[in-house]
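Trainee: Mind having a look at this structure? Questions to follow.
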Amino acid sequence: MGLVEDFNSYRSKMNEKIMDSDSLIIKRIFNLDTNAYAEGHLDVKSKELIGLTCSLVLRCDDCVKYHLGKCKEVGFTTSEVHEAMGVATLVGGTIVIPHLRRAFEFWEELQHV
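Numbering (the working numbering), first residue to last: 1206 to 1318.
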């Protein structure tokens, strides 16, 4: 399996286990997360780009991978994603660069899925 398949498989498997735990708090957090990215005053594309850039600044590799997948789904181009990640790196500083490397690698693999 490749990076994308490994990530998606693990994420799905663990999300299922988490939801099976029947924790009302966790279910509410997951629901809030889902609803936050739904169409609203901002369109879904804008929200995904915000999610991607915030995830890079916060240095959450799993979050970055998730949002890169969503960015591909909603039709962002490589140039658009790279520009957004450039802004995130500027905001987050050079400590973001290792996460940027992994993000570039993941985005590249997404192009072949």
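Virtual Cβ for every residue (Gly too), placed ideally from N, Cα, C. For clarity, every value in this text was computed on a predicted model and none was experimentally measured.
Can we say the stretch 1271 to 1285 touches the stretch 1247 to 1258, given the rule of at least three CB pairs closer than 8 Å?
Mentor: By the C-beta criterion, the stretch 1271 to 1285 is judged to be in contact with the stretch 1247 to 1258, since at least 3 inter-stretch pairs fall below 8 Å.
Trainee: Go ahead and pull the three-state DSSP assignment for G1256.
Mentor: helix
Trainee: On the premise that V1209 lies in contact with L1315, defined as a C-beta separation below 8 Å, what is that separation, rounded to the nearest angstrom?
Mentor: 6 Å
Trainee: Going by the CB atoms, is the gap between G1256 and H1272 shorter than 7 Å?
Mentor: Contact flag set, yes.
Trainee: Identify, in the order they occur along the chain, each residue of the same chain with its Cβ nearer than 6 Å to the Cβ of S1260, setting aside the five sequence neighbours on each side.
Mentor: C1268, V1269, H1272
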